[in-house]
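*Asks:*
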C-alpha cells in the first residue's frame, strides 16, 4: 500500500468515526481491525424478513453475515461483499476446521436460491427474485465474494420505512435455521422499543399456518404434529434458552383443522435492566 493510499484510508477512518452516532456501525468494520462480524447489525425490509425460502443453518449464517457487512454509506450498489473463513469461524466457533467447507457450500446455495417476496405492485401477489447475482469462492484466500441481486438491494440498503434491524450476535448461537427465520419474523412484528422499555415484544394476530410454513421453508410432507414437534417446539425452546424470548401460541381452528396461530412474544424482564443502565 502506497503512502497516499494509507493517508486516504486514515482520512476515511476519521470520517467514519466522526459519523459514528449517525452511521450504521457496519460501516466502521472496514477501518477497525478489531471489529468482529458478530458485532454487526442485520437490517432488512419487513417483506424480506417475511419472505418464503429455505436455508440450512450454514447458508443462513453466511447470508446474514454478508448482509451485516453491507455498508449503508456506499453508493456503488450492489456492493461486492467478502466473507473470510477467519471471520466466519470467529462468529460461529462450532464451525471449527470446517469453515472453508462451509463457505464453499453456502456459496453454492446462495447463488442458486430464489426468494419469494410479497409484491407491492398492483395485480401482482408475489415476486420471485434470485438472491445473488454472483458468488466467487476463493479457497487460496479463504473467502467467498458475493454480490446481492440488484432487485434484492432495495430490501437491504436505503430503507426509510417498513424495515427492522437486529444485532447479529443475538442469533449466532442458533443451531436451527427455523429458529433464526422465526426470530427475524418476530423482530419484523415487534413493537417499537420506546414503547416496550427496550425489550423485544409484540404479537402476530391470525398468522396463517400455511404461510408460516412457507416462510420457514418447512417440507410440505409435514403434518401439524410434525410441524409442531420438529419446528415450533424447537423454535420455542431455542428462543427461550438462547435469546431469552418467550413465545405463546394460540391455535385457531377452521372446522377441525388448525389454520391460524395467534402468536405473542416477549423478551424476559431480565433483559431490561442493562438497557436501562445504558
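In this note's numbering, the protein residues as written are 298 to 575.
Heads up, the beta-carbon is just placed ideally off N, CA and C, and yes, glycines get one too.
1) By DSSP's criteria, residue 265 is part of a beta bridge. Which residues make up the other side?
2) Pull up the CB-CB distance for residue 343 and residue 459, whole angstroms please, since I reckon it's below 8 Å.
3) So the beta strand (DSSP E) residue 475 belongs to, where does it begin and stop?
4) List the DSSP bridge partners of residue 411.
5) Any idea which residues DSSP pairs residue 547 with across the strands?
6) Give a yes or no on contact between the segment 410-419 and the segment 427-447, applying the rule of three or more CB pairs nearer than 8 Å.
7) Sort 463, 398, 473 and 515 by Cα distance to residue 487 and report the nearest one.
8) Note down the Cα distance separating residue 386 from residue 439, rounded to an integer number of angstroms.
9) Give me the Cβ distance between residue 515 and residue 528, rounded to the nearest whole Å; I'm assuming they're in contact under 8 Å.
10) Leaving aside the five residues before and after residue 381 along the sequence, list all residues of the same chain whose C-beta is less than 7 Å from its C-beta, in chain order.
11) Pull the bridge partners of residue 443 from the DSSP assignment, please.
12) When the distance is taken between beta carbons, is residue 474 closer than 8 Å to residue 353?
13) Would you tell me roughly how many angstroms separate the C-alpha atoms of residue 556 and residue 357, rounded to the nearest one?
14) For residue 454 versus residue 374, is the C-beta distance shorter than 8 Å?
15) Is residue 422 buried or exposed, if buried means 16 or more other CB atoms sit within 10 Å of its CB?
16) In whole angstroms, what is the alpha-carbon distance linking residue 336 and residue 523?
17) Tell me, which residues are paired with residue 499 by DSSP?
18) On the three-state DSSP scale, how would you describe residue 319?
19) Among 377, 562, 400 and 548, which residue has its Cα nearest to the Cα of residue 485?
20) What does the alpha-carbon distance come out to for the pair residue 338 and residue 553?
21) One question on the structure: do residue 334 and residue 509 come within less than 8 Å of each other, judged by their Cβ atoms?
*Replies:* Inspection of the coordinates gives the following:
1) Residue 265 lies beyond the residue range present for the chain, which begins at 298 and ends at 575; the question has no answer from this structure.
2) Mapped onto the chain shown, residue 343 falls at position 46. Mapped onto the chain shown, residue 459 falls at position 162. That belief holds up - the Cβ atoms of residue 343 and residue 459 are roughly 5 Å apart, short of 8 Å.
3) Translated into the one-based positions of the chain shown, residue 475 becomes position 178. Looking at the DSSP string, residue 475 is not in any beta strand (DSSP E); the run it does join, the alpha helix (DSSP H), is 474-486.
4) Counting from one through the chain shown, the residue named residue 411 turns up at place 114. According to DSSP, which records beta bridges pairwise, residue 411 is partnered with 427.
5) Along the chain shown, one-based indexing puts residue 547 at 250. For residue 547, the beta-bridge partners assigned by DSSP are 559.
6) yes
7) Counted from its first residue, the chain shown places residue 487 at position 190. Comparing Cα-Cα distances from residue 487 to each of 463, 398, 473 and 515, the minimum goes to 463.
8) Residue mapping note: residue 386 aligns to position 89 of the chain shown, counting from 1. Residue mapping note: residue 439 aligns to position 142 of the chain shown, counting from 1. One C-alpha to the other measures close to 11 Å.
9) Counting from one through the chain shown, the residue named residue 515 turns up at place 218. Counting from one through the chain shown, the residue named residue 528 turns up at place 231. Yes, residue 515 and residue 528 are in contact; Cβ-Cβ is about 6 Å, under 8 Å.
10) In the chain shown, the residue the question calls residue 381 occupies position 84. Excluding residues within five positions, the ones whose Cβ falls inside 7 Å are 439 and 440.
11) The count along the chain shown starts at 1 and reaches residue 443 at position 146. Beta-bridge pairing links residue 443 to 378 and 432.
12) On the chain shown, position 56 is the one that residue 353 refers to. On the chain shown, position 177 is the one that residue 474 refers to. The answer is yes: Cβ separation under 8 Å.
13) Locating residue 556 in the chain shown gives position 259, where the first residue counts as 1. Locating residue 357 in the chain shown gives position 60, where the first residue counts as 1. Separation of residue 556 and residue 357 (C-alpha to C-alpha, rounded to the nearest whole angstrom) is 28 Å.
14) Within the chain shown, the letter at position 157 stands for residue 454. Within the chain shown, the letter at position 77 stands for residue 374. Contact: yes.
15) Within the chain shown, numbered from 1, the residue matching residue 422 stands at position 125. So residue 422 counts as exposed.
16) The residue you call residue 336 lines up with position 39 of the chain shown. The residue you call residue 523 lines up with position 226 of the chain shown. Taken atom to atom, the span from the alpha-carbon of residue 336 to that of residue 523 is near 35 Å.
17) Here residue 499 refers to the residue found at position 202 when the chain shown is read from its first residue. In the DSSP secondary-structure assignment, residue 499 is bridged to 487 and 562.
18) Indexing the chain shown from 1 puts residue 319 at position 22. At residue 319 the pLDDT is 39, less than 50, meaning the model places this residue with poor confidence; the figure from the coordinates comes in the next sentence. Coil at residue 319, not helix or strand.
19) Looking up residue 485 in the chain shown gives position 188. The residue with the shortest Cα to Cα distance from residue 485 is 562.
20) For this step, residue 338 is matched to residue 41 along the chain shown. For this step, residue 553 is matched to residue 256 along the chain shown. Their backbone Cα atoms lie some 43 Å apart in a straight line.
21) As a first step, residue 334 is located in the chain shown; it is residue number 37 there, counting from the start. As a first step, residue 509 is located in the chain shown; it is residue number 212 there, counting from the start. No, Cβ-Cβ distance for residue 334 and residue 509 is not below 8 Å.
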